[in-house]
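Chains as they are written, first to last, in the working numbering: chain A, 1 to 172; chain H, 1001 to 1172; chain B, 2001 to 2172; chain C, 3001 to 3172.
All C-beta atoms in this analysis are idealised placements derived from N, C-alpha and C, irrespective of residue type, glycine included.
There are 4 protein chains.
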Amino acid sequence: MTEKQISILESALELFSSKGFDAVPTSLIAKQAGVSEGLIFRHFKNKQGLLNAIVQMGKEKIAFKIQLITEIVDPQKRIQAIMEIPFSLETDQYPLWRLIYSLKWQQEYSDDEFSRPIKEVLVNSLNELKYFDADAEADLIMSYMDGFASTILLKGEVVNKDKLLHALRKKY
Amino acid sequence: MTEKQISILESALELFSSKGFDAVPTSLIAKQAGVSEGLIFRHFKNKQGLLNAIVQMGKEKIAFKIQLITEIVDPQKRIQAIMEIPFSLETDQYPLWRLIYSLKWQQEYSDDEFSRPIKEVLVNSLNELKYFDADAEADLIMSYMDGFASTILLKGEVVNKDKLLHALRKKY
Amino acid sequence: MTEKQISILESALELFSSKGFDAVPTSLIAKQAGVSEGLIFRHFKNKQGLLNAIVQMGKEKIAFKIQLITEIVDPQKRIQAIMEIPFSLETDQYPLWRLIYSLKWQQEYSDDEFSRPIKEVLVNSLNELKYFDADAEADLIMSYMDGFASTILLKGEVVNKDKLLHALRKKY
Amino acid sequence: MTEKQISILESALELFSSKGFDAVPTSLIAKQAGVSEGLIFRHFKNKQGLLNAIVQMGKEKIAFKIQLITEIVDPQKRIQAIMEIPFSLETDQYPLWRLIYSLKWQQEYSDDEFSRPIKEVLVNSLNELKYFDADAEADLIMSYMDGFASTILLKGEVVNKDKLLHALRKKY
DNA sequence: GATGAATGAGAATTCATTCAT
DNA sequence: AATGAATGAATTCTCATTCAT
């Protein structure tokens, strides 16, 4: 990937995640990336292709994170690691996650490839722990996660993350 | 409000909530509402005005719901009622809530007028219960709520709401 | 003519003369006249009909002015009276004249019915005075008149009318 | 400036000057210029921007003309040169001048940047000639000019320009 | 006579995308 | 690879006009 390709991806991610895919003209992406308008189409075929590329990168990053978690032997600790993902995100990863969360709400672009691998780990871990209804329990945990993630991604530094994390640990 | 105005609002809500504000052309709204496109602008000034009208109605509906909850005397029960809002939504209210949740992710349209009154009730109730850090605790509860709401609104009938609710009651 | 008809005509004249016929929506005329939008069309058939009505009134006012001037016996004095028309306009007549002058520049609406009767008086008077080329001389005088009229109508109180008039009298 | 930009400017000038700015749709300009409608907006931002570009070019042409006149040493001759500007216009410059004169009558677009430099030259020249009230005298001369210009631009070949010019020279 | 809701044609403007260079 | 001029299809919005009441 050339420097300009990366620049396009970064600008697009930034803009898509703050304004929404449909609200961002490709011309603005090009401008912010410091490239010509045509270049986006040479590299990514069309606007949707640009989104796909970003989403693909996102999936890989998540897969990597999940991979690490899978290696934890204790299922209890594995589950906890999953739940604490939202708290472990670096600020520079926020745009990607914000984009992923915002796309959920749009029929057209929605895609559960993001949550599926996470849920799998949870179900497996819960089964190891002999939970009766692992699937429903996994949904519950994923709900908590989504709630925390939303709070953190949207309120940013306004919310007291440590307090939230502390409460979460006590409750769970 | 004339019949056609209502029809426009309903179609717009339906479409905005499933595809996203920016992805819906006014021509489609008009078509679905069975009115001329010009009528949208006569009644709501512009597309944003149409969104505002929907959002305003939403705020009023929420205010009403909150009002009822405020009348619960036992603070513990009041908090529980708040947390269980996502579970008590009628299916025909889903579009409004989906729209509200999706707008959160768009800088341009985001507006915390929805969550503020809810948080207020929580903070007041927690104070009555002499919680040490009512504000952070309220944020925590709101996180749970958001998580459940997202799950219910997005997965709809796929997820086992009773199971979730049961789990929630046990945990909290 | 009802009060509302007059109100429509006045608002339309005011608006057409300051912004130009094509730049004024009928809705604005209705609003400013304090009547419903539909009423304009009931009374004047269409927007063009409204302009025609104003223009017709204008022609009548001018015809009246010319009539008075025709009654002057001395051809020299008659010519002078013509030339001084721009200086004798009441401020409340400015909008009508501004409209007439602005329409001149639009092919579509241009119409020399305004200047023709004036030129006729001039040519007749010049013939009485045995001018060699009365037609060309009339054009010259009309040019002066147009120049003064433009200056007065556009600069309004900014320009020193007495000074202009004095100069005109001396020169001619 | 590309060929197409020039073509747009020429078509727009032609159309604006004959029908008036507000009476000309951009689609017509594009058609006449042989370009896509979108191109107008790419190059000139919006319809007003197109007008501005034309007006700007006009100002530069006038500035050039004035510059030449400024170089005349004899103030008497300088004034005469100014007065005779309307007579010295080439037919292909008529559209520009017609546009300028028609815009005068529209509040929204009116702009005295056209007349100001001309008046300045006049005032300076009259001061050199020790005129008592140079400013009022300049207004007078500008009135003459405007009158002749209107006549020439609107009547075109119908009017006998030589005769007018001859009369003007004799009178002044 | 008067209202104002409603229409539909068209106007300005945007924007993804193509293409010659 | 990269540019930026150009396109054309949509999109938002305007406005003269009609019509039921």
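Look at residue i and residue j and say whether their C-beta atoms are less than 8 Å apart.
i, j, result
"E3128 (chain C)", "P3095 (chain C)", "no"
"K3171 (chain C)", "E3113 (chain C)", "no"
"L1164 (chain H)", "L122 (chain A)", "no"
"W3097 (chain C)", "L3153 (chain C)", "yes"
"S1007 (chain H)", "G1038 (chain H)", "no"
"M2083 (chain B)", "Y2144 (chain B)", "yes"
So, helix, strand or coil for residue i, using DSSP?
i, result
"P3025 (chain C)", "coil"
"V3121 (chain C)", "helix"
"E3128 (chain C)", "helix"
"E90 (chain A)", "coil"
"I1072 (chain H)", "coil"
"M2001 (chain B)", "coil"
"K1077 (chain H)", "helix"
"K1031 (chain H)", "helix"
"S1150 (chain H)", "helix"
"N2160 (chain B)", "coil"
"K1045 (chain H)", "coil"
"E1060 (chain H)", "helix"
"Y1101 (chain H)", "helix"
"S1036 (chain H)", "coil"
"S110 (chain A)", "coil"
"E3137 (chain C)", "helix"
"E2084 (chain B)", "coil"
Thinking C-alpha only, which one of the options is nearest residue i?
i, options, result
"K2119 (chain B)", "B:A2138, B:G2038, B:Y2101, B:Q2106", "B:A2138"
"L50 (chain A)", "A:K161, A:R98, A:Q5", "A:Q5"
"A2053 (chain B)", "B:E2010, B:I2066, B:F2064, B:E2090", "B:E2010"
"K1047 (chain H)", "H:Q1056, H:S1102, H:D1022, H:T1070", "H:D1022"
"F3016 (chain C)", "C:K3155, C:A3063, C:T3091, C:Q3032", "C:Q3032"
"G3147 (chain C)", "C:K3077, C:I3085, C:A3134", "C:I3085"
"S1125 (chain H)", "H:A1081, H:T1091, H:N1160, H:G1020", "H:A1081"
"F1044 (chain H)", "H:A1012, H:T1091, H:A1136", "H:A1012"
"Q3093 (chain C)", "C:D3162, C:G3156, C:A3136", "C:G3156"
"D1162 (chain H)", "H:I1066, H:A1136, H:F1087", "H:F1087"
Give the straight-line distance between the Cα atoms of residue i and residue j, rounded to the nearest whole angstrom.
i, j, result
"F2186 (chain B)", "V1024 (chain H)", "Because residue 2186 (chain B) is not part of the residues shown, which for chain B are 2001 to 2172, the question remains open."
"T2026 (chain B)", "S2036 (chain B)", "10 Å"
"S1150 (chain H)", "L1089 (chain H)", "12 Å"
"E3108 (chain C)", "S2102 (chain B)", "13 Å"
"K110 (chain A)", "V1158 (chain H)", "Checking the sequence shown, residue 110 (chain A) turns out to be Ser, not Lys. Rounded to whole angstroms, S110 (chain A) to V1158 (chain H) spans 16 Å at the Cα level."
"R1116 (chain H)", "H166 (chain A)", "24 Å"
"M2057 (chain B)", "I2100 (chain B)", "11 Å"
"I2069 (chain B)", "T2002 (chain B)", "32 Å"
"S18 (chain A)", "F1064 (chain H)", "31 Å"
"A1134 (chain H)", "G20 (chain A)", "34 Å"
"A3136 (chain C)", "L3168 (chain C)", "19 Å"
"T2091 (chain B)", "I2072 (chain B)", "25 Å"
"I1066 (chain H)", "E1014 (chain H)", "24 Å"
"I1062 (chain H)", "V1055 (chain H)", "10 Å"
"L1028 (chain H)", "A3030 (chain C)", "28 Å"
"K3077 (chain C)", "M3142 (chain C)", "16 Å"
"N1160 (chain H)", "I79 (chain A)", "21 Å"
Within 7 Å of chain A by C-beta, residues of the segment 1093-1108 of chain H in sequence order: Cβ contacts with chain A: R1098, Y1101, S1102, K1104, W1105, Q1106, Q1107, E1108.
- prompt: Along the segment 1014-1048 of chain H, what residues have a CB closer than 7 Å to any CB found in chain A?
  reply: So the close ones are S1018, K1019, G1020, D1022, A1023.
field: Residues in the segment 3121-3155 of chain C having any Cβ partner in chain B nearer than 9 Å
entry: Residues D3133, D3135, A3136, E3137, D3139, L3140, M3142, S3143, Y3144, M3145, D3146, G3147, F3148, A3149, S3150, T3151, I3152, L3153, L3154, K3155.
- prompt: Taking any Cβ of chain B, which residues in the segment 3154-3170 of chain C have a Cβ under 7 Å from it, in chain order?
  reply: Cβ contacts with chain B: L3154, V3159, N3160, K3163, L3164, A3167.
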